[in-house]
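Q: Dropping the structure in here first, questions after.
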Amino acid sequence: MADRQLHKFDAVVIGSGLAGLRAAVSLSREYNTAVVTKVFPTRSHSGAAQGGIAASLGNIDDDNWEYHMFDTVKGSDYLGDQDAIEILVRQAPDVVYDLEHLGVPFSRTKDGLIAQRKFGGHTLNFGEKAALRACYSSDYTGHVLLHTLYENSLKNHIRFFSEFDVLDLIIEDDVCKGCVAWDIRNGGLHVFHARAVVMGTGGYGRAFKITSNAHANTGDGLGLVLRNGLPLQDLEFVQFHPTGLWKQGILVTEGARGEGGYLKNRDGERFMERYTPTLMELAPRDVVARSMQTEIDEGRGIDGKDYIHLDITHLGKERIMERLPQIHDLAFNFSGIDCFKEPIPIQPTAHYSMGGIPVDNGCHVVKNGKLERITGLYAAGECSCVSVHGANRLGTNSLLEATTFGRIAGRSARADLSNIDFSDLPKNPRARAQAEVDWFLKANGSRKVADIRADLQETMTARCGVFRNEADLKKQLDHVRELQEMFKEISIDDKGKVMNSDLMEAIELGHLLEFSEVIVSGALGRRESRGAHFRKDFPKRDDDNWLKHTLAWRKPGGGVEFDWRPVIITRFQPMERKY
Amino acid sequence: MSDRDRGIRSGGAFSWFFQRISGVFLLLALLVHFWVLHFSAPDHGEITFGSVMERLNNPLWRAFDILFVVTAVYHAMNGALLIVQDYIRATGLRMIVVAGLWIGALYFLIVGSMTILGLA
Amino acid sequence: MQVTFKISRFDPQQEEAKQHYKSYTVQTSPGMTVLDALNEIKWHQDGTLSYRKSCRSGICGSCAMKINGINGLACETQIEPMKKKTIVLDPLPSFEVIKDLAVNMDPFFEHLAAVKPYLINEEPPPDRERLQSPEEFKRISDPIACILCMSCTSSCPSFWTDPEYIGPAALYKAYRYEFDTRDKGSEERLEALDNRHGLWRCHTIFNCMDACPKNLKITHGISLLKRKVIAEKY
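This is the structure:
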C-alpha cells in the first residue's frame, strides 16, 4: 500500500508568514509547491505588523536608496552586512511595486501614489531630517500584505498543509531532502519529500514574558536547525520595541510616533529631548527603548511604576481613526483607554530577533563561517540572518526583509531546482520525530510545561532584557540549563492525537529552552554594547574586538560552541552612532 | 435540482431583483386600488353599484386587476419561499410547506382571476 | 472576582463521543480576557482542553468562538465588564467540531476561494504603482481589515440552513476586490456570486455585523455588491 502520509513536492515551504508565502508565490509559478504551517496561513504573525514597509519610492520627499542604505547600516550599529543591505534597499521599490501589482491595498497620496510616512531611524541625506519612507495601509500594513499573499497563493494553486507542525528536517550529507511534520488535526507524522525546502518560520518573542509576539512565535525553526547540527547567528540581538501595551506587551505601532505621538514620563516631560534631541521620539527602537527603561529605572515611570505614557491625544480623533484605527481599538480593548482623551500606558516589549539561521545573500542556509551551503535548504524572514539588521532593526525594514528575501529565496530555489534532483530518503525518515512524540505522550513526570515556560520567560525578561550584565547572564545561563533538566521531568495531560495543543506546547518549549541557551551564551560572550545588545558592564561598542558575527552551535550533550564571521563593509565605514 | 434545493428553485438574481420591482409595483397599485375603490366617485360624488360594474367591465381595468393579483401572488409566494428556505431545514416538512404554498398560490390566482373576469 | 466557565467539550477519540459541558472556576483580575482565562484553565487545571489561539491581540482571527451566545474573539473579550458569574463558551456554530472549541475551517475557506479573492487584471502593470485615489482606497479600507475569523459566517441564519451558501465573509471579500479600481475580474467572479448559494441568500439579517469583532460594515458591502451585479446584468 502506498504511504498516504508521504508527500512529494518540488518545493516545500515551512511557515506561512510573509517570507514563506512570498517564496511560495514565486516558486509556484514554475514548480509544484506545498506550504506546511503550524497555524492557518492568515493567522501568521506577520499580520500583526502595523506601521509600514520601507522603500525609497520618494513619493512625497526626495528619497533614494543610498539614504535608506545609510540608515539601515547605521541602525544596525554597523553589524549589518553591507552587501546584503544594498540588495535589500535597492530592490525595495521594485518589491513594493510588485506587491502593489499583486493587489496589496496601500493608503494613497492625493495624486494616487502609495502614501509614505515617517518611521524611527529613517532619514534623508544621511541623517539630516526624518524621511517619509514607510509605505503603509492605515495601521494594517502587515495584515494586508499577508492576506494578499495568501490570496495569491490561492490563485497559484499552492497546496497548503495547515496545522502541520514540522518536527524535523531531513538532512543527510549536507543535502536537505524534506521535512517531517505532525498533523495537528488528526495526529500522525507526515513525510514531505522535496527537492527544495524553504524555511520561513519566524521569530521567538515567546522566550520572553513581555512580548509583542503571538503564542505561536516560539522559534521552532531555530530549534530544528540546531538539532540538525547547524549554527545560528547573532542570537544575542533581540529587539525590544519601545511601545508595548503595559503588562500585555501587545504592539502599539511606531507609526503612532511617526504620526506625531509623544512619549512622556511621570512629570509629563517629553524626555526624549534629553536623549536624542534631533529625532526625538523617532530615534531607532533600541535607543528609545533604553531611554524609556532608564526613565523607569530612575523612578520617572508613571506613578513610579514600570511604564511610560504614549500621548496621541493631540492628533485628534479624525487623524487617529484614519491613520491609526487599530491602535484606538487595541488601547480600548486591552487597556480600557480612550486614546482620543488619555495617554496610552506602554513599556518596552520583546519584539524581533535580528539573529537567526545564517544564510548567504541568495538565502541558502550555510553551515559555517566559510558560507558552505546545505543543498536544497533556504531560509528567509525573521528566522534567518542575512544579516541586514545587524545589531538592531529599523522599523518597517522587517516587512521589507521578509518580502524581499522571501522572493529571493523563491528565485534562488527556482534557479537551483533545474539542477537538483530528488535524492533518496533515509530508511526511516520519521524515526527522530516519532521518538520525540512518543516520549512526550508517555512522559509521566511531575513538572508542567506551563510552569517551566513561565519561569523561562520571566527570567529571560529580567536577566537578558533591555539592559544586561555579566552576573545576571551567568545566572541565567545556569538557570536555563536547570530548566532544560526540569523539562525532562514533565508530563502532559492530553495523550490523544486530535488537536493536541498540550503536545504542541511541550514541543515548542523544547525549542525555546534549546535556543534560549544560545541567546544567553551569546549575550554573555559579547563583551560590548552594540545596537539592541546593551551590557551595563561594557557600555561601549568595541569595533576592535567585536565587529563580527557570532555563529553558535549547540553541542549534542548541551553547551554552546562559537565561531565568528567577519562583517562585510562596503560603502560606509563604522563611525559613532549618534542621533 | 440539486438535493440541497429541496423543492425550492428560486433565489437567484431575478428572484431578488423582481421581488423589489414587484414590491414597488404593489405599493403603487395598492394606492391606485385603494383610491379608486373608496374615493373615485365619477359624476355625482357617490360610489354606486353601477359605477363599480362599469369600471369592472372596462378591459383596461380588468388587465390592471389581473396584473395586480398576479404580482401580489408572486411577491407573496417568492417571499414565503425565501423564508422557508431560511427557517425550515427538515426536507419532509419543507416539501409539505412548499406544496401548501403552491396550492394556496394557485387557489388565489384562480379565484382572483375568476372574480375579475366575472366568471364566478 | 470568581467566574465559572462552562465550556463545551467534545473529544472524537472517546467511545460514544458526545458534546457536553464542563465547568471550571477562574479567579479573574481587571484586564483579563476570555483567552487569558482559557489559558489559565489549560495551563493550570486541564491540559486536555483544545482551542485555537495565536496573536492574542485581535488580528489573527484564531480564537473566534461563541461567548455567552454571541460569536466573538476570546482574546478581545474582557471578562469583568461582562459582569457575569458564569460564562458559557461554545465552538462557532454550524461548523463541524474537531475537538472542544476547535472547528473544521475547511468549508469556510473553500467558500472564500470560490469568489476568486485576488486581484484579476491581465493588463501588464506599469513600471511603478497603479494609481488609486485616496477616495478609491477608502471604498475598500473597511473590508481589507477583515481577519477571516469566521464569526460572521457562523452567525448567519442563511448559512445555518444552507451550508453551500458562501456566507458574509466570502461576499465581503468579493466586495473588497469588486470595488477595487485596479480589478477587472467581475465577469470571472459572477458565477460564484450570482447563484442561489451566493449573493442572493443574504437577506440583510445583520447578524454578521453584530458578530464582527472588527465592526466592519459587511451587510452594507453585500448590498452594494447586489446592486452592482444587478446593474451589470439588467
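Chains as they are written, first to last, in my numbering: chain A, 3 to 581; chain B, 86 to 205; chain C, -1 to 232.
We put the beta carbon where it would ideally sit given N, CA and C, even for glycine.
Being a predicted model, the structure only gives us computed values, none of them experimental.
Taking C:P105 as the query, report the chain A residues whose CB atoms sit under 9 Å from its CB, ordered along the chain.
A: Residues of chain A passing the Cβ test: none, with the nearest at roughly 14 Å.
Q: Roughly how many whole angstroms lie between the Cα atoms of A:D457 and A:H551?
A: A:H551 has its alpha-carbon roughly 29 Å from the corresponding atom of A:D457.
Q: 7 Å is my cut-off, CB to CB: does A:T44 come that close to chain D?
A: Of the protein chains in the structure, A, B and C, none is chain D.
Q: Does the contact criterion of 3 or more C-beta pairs under 8 Å hold for the segment 389 to 398 of chain A versus the segment 71 to 79 of chain A?
A: yes
Q: Does the contact criterion of 3 or more C-beta pairs under 8 Å hold for the segment 466 to 479 of chain A versus the segment 218 to 232 of chain A?
A: no
Q: State the DSSP-derived secondary structure class of A:L134, mapped to helix, strand or coil.
A: strand
Q: On the DSSP bridge assignment, give the partners of A:N446 in chain order.
A: A:S493
Q: Looking at chain B, which residues of the segment 200 to 220 of chain C have a Cβ within less than 7 Å of any of its Cβ atoms?
A: Under the 7 Å Cβ criterion, the segment 200 to 220 of chain C contributes H201.
Q: Output the boundary residues of the beta strand (DSSP E) element that contains A:L119.
A: Position check: residue 119 of chain A holds Arg in this sequence, whereas Leu was assumed. Run containing A:R119: Q118 to L126, per the beta strand (DSSP E) assignment.
Q: Mapping DSSP to helix, strand and coil, what is B:D88?
A: Its pLDDT being 41, under 50, B:D88 is placed unreliably by the model, and the measurement read from it follows with that caveat. DSSP places B:D88 in coil when its eight states are reduced to three.
Q: Could you list which residues in chain A have their beta carbon closer than 9 Å to that of C:D178, in chain order?
A: The contacting residues are G105 and P107.
Q: Can you give me the C-alpha to C-alpha distance between A:E507 and A:V451, rounded to a whole angstrom?
A: Spanning the two alpha carbons is a distance of roughly 7 Å.
Q: Would you kindly check if the distance between the Cβ of A:R259 and the Cβ of A:L284 is under 7 Å?
A: yes
Q: Would you verify that the beta carbon of C:K226 is, or is not, closer than 7 Å to some beta carbon of chain B?
A: Under the 7 Å criterion on CB atoms, C:K226 is classed as non-interfacial with respect to chain B.
Q: For B:S100, go through chain C and note every residue whose CB falls closer than 8 Å to its CB, in chain order.
A: W198
Q: Relative to the C-alpha of A:K10, which candidate in A:A196, A:N230 and A:D453 has its C-alpha closest?
A: A:A196
Q: For A:T35, which option in A:A56, A:V368, A:A21 and A:I160 has the closest C-alpha, if you only look at C-alpha atoms?
A: Answer by Cα proximity: A:I160.
Q: Consult DSSP for A:Y99 and reduce its assignment to one of helix, strand or coil.
A: helix
Q: Is the beta carbon of A:I348 less than 7 Å from the beta carbon of A:V254?
A: yes
Q: Check C:Y116 in the structure and name its three-state DSSP category.
A: coil
Q: Whose CA, out of A:R45, A:D100 and A:L485, lies closest to the CA of A:V27?
A: A:D100
Q: Between C:R174, C:T31, C:W41 and C:F157, which lies nearest to C:F233 when the distance is taken from Cα to Cα?
A: Here chain C covers residues -1 to 232 and nothing more, so residue 233 of chain C does not appear.
Q: Hey, A:G251 and A:I212: beta-carbon distance below 7 Å or not?
A: In this structure, the beta-carbon distance from A:G251 to A:I212 falls below 7 Å.
Q: Given a limit of 8 Å on CB to CB distance, which residues of the segment 3 to 15 of chain C reach chain A?
A: D9, P10 and Q11
Q: What number of angstroms, rounded off, separates the C-alpha of C:Y116 from the C-alpha of A:L104?
A: 8 Å
Q: Starting from C:P166, trace the alpha helix (DSSP H) both ways and give me its first and last residue.
A: G165 to E176
Q: Using a Cβ cut-off of 7 Å (strictly closer), state whether A:E153 contacts chain C.
A: With its beta carbon less than 7 Å from one in chain C, A:E153 belongs to the interface.
Q: Taking CB distances under 7 Å as the criterion, tell me whether C:A229 reaches chain B.
A: no
Q: Which same chain residues end up closer than 6 Å to A:V390 when comparing Cβ atoms and leaving out the 5 residues on each side of it in sequence?
A: G82, A86, I87, L90 and E403
Q: Compare the C-alpha of A:K497 against each of A:G447, A:L443 and A:F536 and name the closest.
A: A:L443
Q: Pull the bridge partners of A:F242 from the DSSP assignment, please.
A: A:A352
Q: Give the range of the beta strand (DSSP E) segment to which A:P568 is assigned.
A: V562 to P568
Q: Any chance the segment 176 to 187 of chain B sits against the segment 137 to 151 of chain B, with 3 or more Cβ pairs inside 8 Å?
A: no
Q: According to DSSP, A:C387 sits in a beta bridge with which residue or residues?
A: Residue pairing by DSSP places A:C387 opposite A:P360 in a beta bridge.
Q: Any idea if A:K2 is buried or exposed, counting beta-carbon neighbours within 10 angstroms, 16 or more meaning buried?
A: Missing from the structure shown is residue 2 of chain A; chain A here goes from 3 to 581 and no further.
Q: Can you tell me the Cβ-Cβ gap for A:G357 and A:G202, rounded? I've got them flagged as a contact below 8 Å.
A: At roughly 16 Å, the Cβ-Cβ gap does not stay under 8 Å, so A:G357 and A:G202 are not in contact.
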